[in-house]
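Comments concern the structure below.
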Amino acid sequence: MSDTSEIRIGRRTLTLHRPDKVLFPDDGITKADLVEHYRSVSRRMLPQLRERPLMMVRHPDGIDGEPLVQKNIPGHFPDWVHRAEVRRESGGTVTHVVCDDAATLVYLADQACVTPHRWLSRADRPDHPDRLVLDLDPSDGSGFEDVRWAAHRVCELLDGLGLPTLLMTTGSSGLHVVVPLDRQADFGTVRAFAGRVAGLLAERHPGRLTTEQRKAERKDRVYLDIQRNAYAQTAVAPYAVRALPGAPVATPIARRELDDPELHARRWTLATIG
DNA sequence: GATATAG
DNA sequence: CTATATCAACGCAGT
DNA sequence: ACTGCG
Ligand SMILES: [Mn+2]
Ligand SMILES: [Mn+2]
21 MSDTSEIRIG
31 RRTLTLHRPD
41 KVLFPDDGIT
51 KADLVEHYRS
61 VSRRMLPQLR
71 ERPLMMVRHP
81 DGIDGEPLVQ
91 KNIPGHFPDW
101 VHRAEVRRES
111 GGTVTHVVCD
121 DAATLVYLAD
131 QACVTPHRWL
141 SRADRPDHPD
151 RLVLDLDPSD
161 GSGFEDVRWA
171 AHRVCELLDG
181 LGLPTLLMTT
191 GSSGLHVVVP
201 LDRQADFGTV
211 RAFAGRVAGL
221 LAERHPGRLT
231 TEQRKAERKD
241 RVYLDIQRNA
251 YAQTAVAPYA
261 VRALPGAPVA
271 TPIARRELDD
281 PELHARRWTL
291 ATIG
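Printed below as a string of structure tokens:
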């Protein structure tokens, strides 16, 4: 027994290696299950991945093993996997995978890439993000209702500026508030704006919100994290599976779902997302 | 997970 | 042949 | 330069 199977994705036939390998021991979720998840969400997920440098968080030994964070595309990846060479701030370049099609998404799953993260800019203009991400994280001692409250405050402020907002559970502990951008501003400009939004709200609600990056200083407040808004930084992709018990999935939600007291960061999982 | 090298 | 070793990121803020 | 953080 060679311990492989084949799967057809569009016109491509991929070989899956060790499909029965258990990646989530508490849940019995296998590599084949991960592959099926990404095949199933590919239509919804690909618009958020296409043209963007991608960072892989791989778990070749399952989620209880050491995660392998990988930016450069490994040499053994096939030629049909798209890639983009981008500037490294510290000199040189990095050649990332660019996931433009379902076959690549499934190939990444076979490589035990549990959680793809992607840049907020596209490879053709890497210094000009088309998304702003405000990352809302509860601290020890604050709960998801505080995160829901914080998201409302962020959205109200952005409403007042005439900016649209999108929301996503991250599958870990918090929420992302996303503002689509027209790529006129560079990362410095976007980050400065995000910093003013976060700073104003933290000043207005000093007991409930903070911009302190040091965990010890956050106390029981919700952390308004703007740090994703920089060159070569990434945010977890919508529909990505998190390497946590239950295999929670980062899931876009509607604004009105913020009022649901049952909402939490891990509300949707590989088993429930459909 | 894939590959190179040692036993 | 199997076993073992080795490799696989980066940027920012604060001190 | 080094650490904490994501
Ligand atoms: Mn291994
Ligand atoms: Mn977060």
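Numbering-wise, the numbering used here puts 63 at position 43 of the first sequence, and it's gapless, one number per residue.
We put the CB at the ideal spot given by N, CA and C, even for glycine.
Predicted model only: the values in this text are computed from it and were never measured.
Asked: Three-state class that DSSP yields for Thr209 in the structure shown; Found: helix
Asked: Status (buried if at least 16 other CB within 10 Å, exposed otherwise) for Lys296; Found: For residue 296 there is no data in the structure shown, the boundaries of the chain being 21 and 294.
Asked: Own chain residues within Cβ distance below 6 angstroms of Thr115, not counting five before or after; Found: Asn92, Ile93, Arg103 and Glu105
Asked: For ligand 2, residues whose Cβ lies under 5 angstroms from any non-hydrogen atom; Found: Asp155, Asp157 and Gly194
Asked: Of the listed residues Leu154, Ala274 and Arg276, nearest to Tyr243 (C-alpha basis); Found: Leu154
Asked: Neighbourhood of Leu109 by C-beta distance below 8 angstroms, restricted to the same chain and skipping five residues each side; Found: As written in the sequence, residue 109 is Glu, which differs from the Leu given in the question. The answer, listed in chain order, is Tyr251 and Ala252.
Asked: C-beta contact flag for Arg286 and Gly191 at 9 angstroms; Found: yes
Asked: Proximity winner among Ala270, Asp23, Val117 and Arg59, relative to Arg32 (alpha-carbon distances); Found: Arg59
Asked: Option in Val167, Met188, Ile246 and Val126 with minimal Cα separation from Pro39; Found: Val126
Asked: Close beta carbons around Ala274, own chain, < 8 angstroms, minus the five adjacent residues each side; Found: Leu187
Asked: Span separating the alpha-carbon of Gly161 from that of Ala236; Found: 12 angstroms
Asked: Cβ neighbours of Phe164 in the same chain (closer than 6 angstroms, five flanking residues each side left out); Found: His284
Asked: Counted within 10 angstroms of its Cβ, other Cβ atoms place Met21 as buried (16 or more) or exposed; Found: Model confidence at Met21 stands at a pLDDT of 49, short of 50, so the residue's coordinates are unreliable; what they give is reported in the following sentence. So Met21 ends up on the exposed side.
Asked: Test item: CB-CB of Val261 and Pro268 under 9 angstroms; Found: yes
Asked: The beta strand (DSSP E) enclosing Trp139, as first and last residue numbers; Found: Cys133 to Trp139
Asked: Thr190: first and last residue of the uninterrupted beta strand (DSSP E) it sits in; Found: Counting along the chain, Thr190 falls outside any beta strand (DSSP E), and DSSP gives it neither H nor E.
Asked: Of the residues Gly227, Arg238 and Arg63, the one placed nearest Pro258, counting alpha carbons only; Found: Arg63
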